[in-house]
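The structure under discussion appears below in the form of structure tokens.
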Amino acid sequence: MNTSARHSVSVQPAEQRIRNFDEVSLGFDHATMLEEADRCLHCAAAPCRKGCPVGVDIPAFIARLKEDDLDGAVRTISLDTLLPAICGRVCPQEKQCEALCVRKAKLGGSVAIGALERYVGDYALAHPAAPAKAAENGKKVAVVGSGPSGLTCAADCAAAGFDVTVFEAFHKAGGVLVYGIPEFRLPKDKVVAKEIAKLEALGVKFRLNTVIGKTLTIDDLLDEYDAIFIGTGAGLPKFMGVPGENLNGVGSANEFLTRVNLMKAYKSDAVTPVYCGKNVAVVGAGNVAMDAARTARRMGADVTIVYRRGRDEMPARGEEIDHAEEEGIRFELLTNPVEITGENGKVSGIRCVRMQLGEPDASGRRSPVPIEGSEFEMSVDQVIVALGTSPNPLIRKSTDKIEFSRRGTIVVDEETMGTSNEKIYAGGDAVTGAATVILAMGAGRKAAAAIKAKLV
Amino acid sequence: MNTLMEIDDVAPRVKRYVVAAPEVAKHCLPGQFVIVRVDDEGERVPFTICDYDRQNGTITLLVQDVGYSTHKMGALKAGDSLHDVVGPLGNATDLSGYENVVLVGGGIGCAVIYPQAKLRHAQGKPCTTIIGARTRELLFAVDEFRRESKELLVATDDGSLGVKGFVTTALQQLIDRGDKIDCVFVVGPMIMMRNVCELTRPYGIRTIVSMNSIMVDGTGMCGGCRVTVGGETKYACVDGPEFDGHLIDFSEAMNRSGFYREHEQACRLRGEKQ
Numbered sequence: 001m002n003t004s005a006r007h008s009v010s011v012q013p014a015e016q017r018i019r020n021f022d023e024v025s026l027g028f029d030h031a032t033m034l035e036e037a038d039r040c041l042h043c044a045a046a047p048c049r050k051g052c053p054v055g056v057d058i059p060a061f062i063a064r065l066k067e068d069d070l071d072g073a074v075r076t077i078s079l080d081t082l083l084p085a086i087c088g089r090v091c092p093q094e095k096q097c098e099a100l101c102v103r104k105a106k107l108g109g110s111v112a113i114g115a116l117e118r119y120v121g122d123y124a125l126a127h128p129a130a131p132a133k134a135a136e137n138g139k140k141v142a143v144v145g146s147g148p149s150g151l152t153c154a155a156d157c158a159a160a161g162f163d164v165t166v167f168e169a170f171h172k173a174g175g176v177l178v179y180g181i182p183e184f185r186l187p188k189d190k191v192v193a194k195e196i197a198k199l200e201a202l203g204v205k206f207r208l209n210t211v212i213g214k215t216l217t218i219d220d221l222l223d224e225y226d227a228i229f230i231g232t233g234a235g236l237p238k239f240m241g242v243p244g245e246n247l248n249g250v251g252s253a254n255e256f257l258t259r260v261n262l263m264k265a266y267k268s269d270a271v272t273p274v275y276c277g278k279n280v281a282v283v284g285a286g287n288v289a290m291d292a293a294r295t296a297r298r299m300g301a302d303v304t305i306v307y308r309r310g311r312d313e314m315p316a317r318g319e320e321i322d323h324a325e326e327e328g329i330r331f332e333l334l335t336n337p338v339e340i341t342g343e344n345g346k347v348s349g350i351r352c353v354r355m356q357l358g359e360p361d362a363s364g365r366r367s368p369v370p371i372e373g374s375e376f377e378m379s380v381d382q383v384i385v386a387l388g389t390s391p392n393p394l395i396r397k398s399t400d401k402i403e404f405s406r407r408g409t410i411v412v413d414e415e416t417m418g419t420s421n422e423k424i425y426a427g428g429d430a431v432t433g434a435a436t437v438i439l440a441m442g443a444g445r446k447a448a449a450a451i452k453a454k455l456v
Numbered sequence: 001m002n003t004l005m006e007i008d009d010v011a012p013r014v015k016r017y018v019v020a021a022p023e024v025a026k027h028c029l030p031g032q033f034v035i036v037r038v039d040d041e042g043e044r045v046p047f048t049i050c051d052y053d054r055q056n057g058t059i060t061l062l063v064q065d066v067g068y069s070t071h072k073m074g075a076l077k078a079g080d081s082l083h084d085v086v087g088p089l090g091n092a093t094d095l096s097g098y099e100n101v102v103l104v105g106g107g108i109g110c111a112v113i114y115p116q117a118k119l120r121h122a123q124g125k126p127c128t129t130i131i132g133a134r135t136r137e138l139l140f141a142v143d144e145f146r147r148e149s150k151e152l153l154v155a156t157d158d159g160s161l162g163v164k165g166f167v168t169t170a171l172q173q174l175i176d177r178g179d180k181i182d183c184v185f186v187v188g189p190m191i192m193m194r195n196v197c198e199l200t201r202p203y204g205i206r207t208i209v210s211m212n213s214i215m216v217d218g219t220g221m222c223g224g225c226r227v228t229v230g231g232e233t234k235y236a237c238v239d240g241p242e243f244d245g246h247l248i249d250f251s252e253a254m255n256r257s258g259f260y261r262e263h264e265q266a267c268r269l270r271g272e273k274q
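Line by line, the protein sequences are chains A and B. So in the working numbering, the last spot in the first sequence is 456, and the numbers never skip. So in the working numbering, the last spot in the second sequence is 274, and the numbers never skip.
Pasting the structure below:
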């Protein structure tokens, strides 16, 4: 049996990449891709597929890669996912498909499914095929939000012959893919802009600067469209509720990343300002926390991640945590902020308490409890809070047409993504609370299928 | 792209722009704001909608030349376009529960109270209005305010028009002469809003302020605009921009609003050189 070790992708060296915003991971070259594809055992049970939230037929596309049939691999993977170049880069593969790969423990490590998916996705972007499109069916679909769920729903609906319009609140389409995930993890021109151009080629119209619930209401859309998909994403950033949180120099990761990614504040001639300190504490350990920490690092800061649980509990992708460590980011684990201290209205330190892990809580994670008398203060001049988001009240406040949960998320039928209104569907973080690109993409796809089944 | 239909000078460094924005004009209400990007490289700058014409599909913005983007905007001519206009954002002003309202505007804040004066006048419940500025030439829309108000009081620091002093001087006069006041709605520089709140607090007069916080998206996502109201953190863009002034932590709000001032200054200098 082939017991070869998993191939790693080449990356920009850490000392170099902390001085630029270029992509860190360079992906596989052609030869390495073929060798890695060859490691797939095509086991009958295909456990990897069970690990994928949308059940991508992983062995099938890898089989095409083995034959060096790249166009075939694109066709195969496209049956299950719209955004392989994006998901190959941002999915937490080590917790999903790769976690269940039979090679994981004893056969040289899991097949590098994510890197192979990215290879296929990048090939597809470099070799755009004429979009397959059904005849126009004369029906109109409105998609609210242009993040992963909205883009997917729009693409599938357009391919099915619908007249699709996507409404975006920002001046640029892409949602979290452009304002949230940094360039060094997901290139904007090379990947995101091309995905959006593909949708435009399918005839999808984008209406930017349009906030549904404000510029137009859900009622306006109901008058004009046969179906509506709401993919407005996660909303208001959560803060800790500790003293000093409104001092200058304390902000959400959303704000920091939006200023840097969307408004390009990292460029010296940018008009939009961003404050970046010399000693930065980032609170939280999800992907957004890693993104904020590594962005601050690239802007010249010494960065410490402060997280109340342990290493095994960190929700970020394994690769991002590894990359952050390589880039010199410090981790204060089992540590929880209790106060942000300031001088002259500006943050000067963060007081923390050490934690220990107690019994597992409702989420199955062991809940941290403070160790008495362990308080200490770190001297910092910026604190970035990355503790997730709570649902945005904008749509909720402006319509009584759909049902919301007590948490403020939109209630849907999980099979169809249909809401309590028969013409309105929803998916992505607006339904689940902060989650992943792949789940959002899957929701957009389900909704598009349901819209098609109902209207054509 | 949104075409600039008309541009007028209304005071030194203050211009009035009538902007084509049909969907905003169709849905907006007094108190709401838009976010503008002047050009494709521009920052996102919030401006209160100070008037709107649903029929012609236009909104009116009063813009004071204070930073890089507002300076760039000042160079535009009628017929030119703004790259992006998004809105209406924030919640509308709701003074419907108050019979006797005093509107107070300072400087560019007058732009925010004007649509309210107009609305109340149209509803047959005109307000008493106080407007203030450092000196007479910095005041604008005086005639319009007079027309739309039950009574107009003017305050200038140097006494060049109206009472000599601040808007608080004029408001104190109203209180002293025994006017019945159910609510004061005040918009202007942070320090002015705070002083008005301190004046009305001992009289128990409800006082509403409009917070012009720093923000990026204006839809609740960045959290940059957070203000402490009654000990709770609120977001000016989605919870406001109007709040009970007696509950606002003004020293925090004033500290936060100055955070990017140095950068603005540097940017402005760069803009003027170009």
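Quick reminder that beta carbons are idealized off the backbone N, C-alpha and C, glycines included.
Please report the straight-line C-alpha distance between residue i and residue j, rounded to a whole angstrom.
{"i": "Ala160(A)", "j": "Ala112(A)", "result": "33 Å"}
{"i": "His30(A)", "j": "Ser4(A)", "result": "18 Å"}
{"i": "Val347(A)", "j": "Met33(A)", "result": "48 Å"}
{"i": "Gly231(B)", "j": "Asp239(B)", "result": "15 Å"}
{"i": "Lys454(A)", "j": "Asp400(A)", "result": "23 Å"}
{"i": "Ala115(A)", "j": "Ile410(A)", "result": "34 Å"}
{"i": "Cys91(A)", "j": "Thr436(A)", "result": "7 Å"}
{"i": "Val167(B)", "j": "Thr419(A)", "result": "51 Å"}
{"i": "Lys278(A)", "j": "Arg206(B)", "result": "44 Å"}
{"i": "Val14(B)", "j": "Gln64(B)", "result": "4 Å"}
{"i": "Thr341(A)", "j": "Phe256(A)", "result": "20 Å"}
{"i": "Leu275(B)", "j": "Val196(B)", "result": "Shown here, chain B extends from 1 to 274; a query on residue 275(B) therefore has no answer."}
Secondary structure at residue i, three-state DSSP: helix, strand or coil?
{"i": "Thr460(A)", "result": "The displayed coordinates of chain A run from 1 to 456. Any statement about residue 460(A) would go beyond what the structure contains."}
{"i": "Phe61(A)", "result": "helix"}
{"i": "Ile218(A)", "result": "helix"}
{"i": "Met254(B)", "result": "helix"}
{"i": "Lys198(A)", "result": "helix"}
{"i": "Gln274(B)", "result": "Caution applies to Gln274(B), whose pLDDT of 48 falls short of 50 and renders its modelled position unreliable; the value that the coordinates give is listed next. The answer is coil: DSSP assigns Gln274(B) none of H, G, I, E or B."}
{"i": "Leu26(A)", "result": "strand"}
{"i": "Glu327(A)", "result": "coil"}
{"i": "Ser10(A)", "result": "strand"}
{"i": "Tyr52(B)", "result": "strand"}
{"i": "Asp400(A)", "result": "coil"}
{"i": "Met465(A)", "result": "An answer regarding residue 465(A) cannot be provided, because it is not within the stretch 1 to 456 covered by chain A."}
{"i": "Ser390(A)", "result": "strand"}
Would you mind giving the Cβ-Cβ distance between residue i and residue j, rounded to the nearest angstrom? I have them listed as a contact below 8 Å.
{"i": "Val104(B)", "j": "Phe185(B)", "result": "7 Å"}
{"i": "Leu236(A)", "j": "Thr389(A)", "result": "6 Å"}
{"i": "Val143(A)", "j": "Phe170(A)", "result": "About 15 Å separates the two Cβ atoms, so there is no contact after all."}
{"i": "Ser257(B)", "j": "Met190(B)", "result": "6 Å"}
{"i": "Gly444(A)", "j": "Gly150(A)", "result": "6 Å"}
{"i": "Val229(B)", "j": "Cys222(B)", "result": "18 Å between Cβ atoms; not a contact."}
To which residues does DSSP link residue i through a beta bridge?
{"i": "Met355(A)", "result": "Pro370(A)"}
{"i": "Ser252(A)", "result": "Val385(A)"}
{"i": "Val187(B)", "result": "Gly105(B)"}
{"i": "Ser4(A)", "result": "According to DSSP, Ser4(A) bridges with nothing at all."}
{"i": "Gly342(A)", "result": "Val347(A)"}
{"i": "Ser81(B)", "result": "Thr3(B)"}
{"i": "Gln64(B)", "result": "Val14(B)"}
{"i": "Tyr235(B)", "result": "Arg226(B)"}
{"i": "Pro360(A)", "result": "Arg366(A)"}
{"i": "Pro132(B)", "result": "In the sequence on display, residue 132(B) carries Gly and not Pro. Per DSSP, Gly106(B) and Ala155(B)."}
{"i": "Ala25(B)", "result": "None, per the DSSP bridge assignment."}
{"i": "Glu414(A)", "result": "Paired residues: none, contrary to the question."}
{"i": "Lys140(A)", "result": "Asp163(A)"}
Decide if the stretch 89–97 of chain B is in contact with the stretch 61–78 of chain B; the criterion is three or more beta carbon pairs, one per stretch, under 8 Å apart. By the Cβ test, the stretch 89–97 of chain B is not in contact with the stretch 61–78 of chain B, since fewer than three Cβ pairs between them sit closer than 8 Å.
Are there three or more Cβ pairs, one per stretch, closer than 8 Å when the stretch 289–304 of chain A is compared with the stretch 197–213 of chain A? No, because fewer than three Cβ pairs between the stretch 289–304 of chain A and the stretch 197–213 of chain A fall closer than 8 Å, the two stretches do not touch.
Below 8 Å, how does it come out for the stretch 27–44 of chain B and the stretch 52–63 of chain B: are there three or more Cβ pairs, yes or no? Flag = yes, the stretch 27–44 of chain B and the stretch 52–63 of chain B touch.
Would the stretch 210–230 of chain B count as touching the stretch 125–145 of chain B if we require 3 or more Cβ pairs under 8 Å? Segments in contact, no.
Between the stretch 83–92 of chain B and the stretch 113–121 of chain B, do at least 3 Cβ pairs fall closer than 8 Å? Result no; under three Cβ-Cβ pairs closer than 8 Å.
Is the stretch 61–73 of chain A touching the stretch 298–308 of chain A, taking contact as three or more C-beta pairs under 8 Å? Contact annotation: the stretch 61–73 of chain A does not touch the stretch 298–308 of chain A, with fewer than three C-beta pairs closer than 8 Å.
If contact means a Cβ-Cβ distance below 7 Å, which residues of the stretch 248–260 of chain B contact chain D? Although the question refers to chain D, the structure presented lacks it and instead comprises the protein chains A and B.
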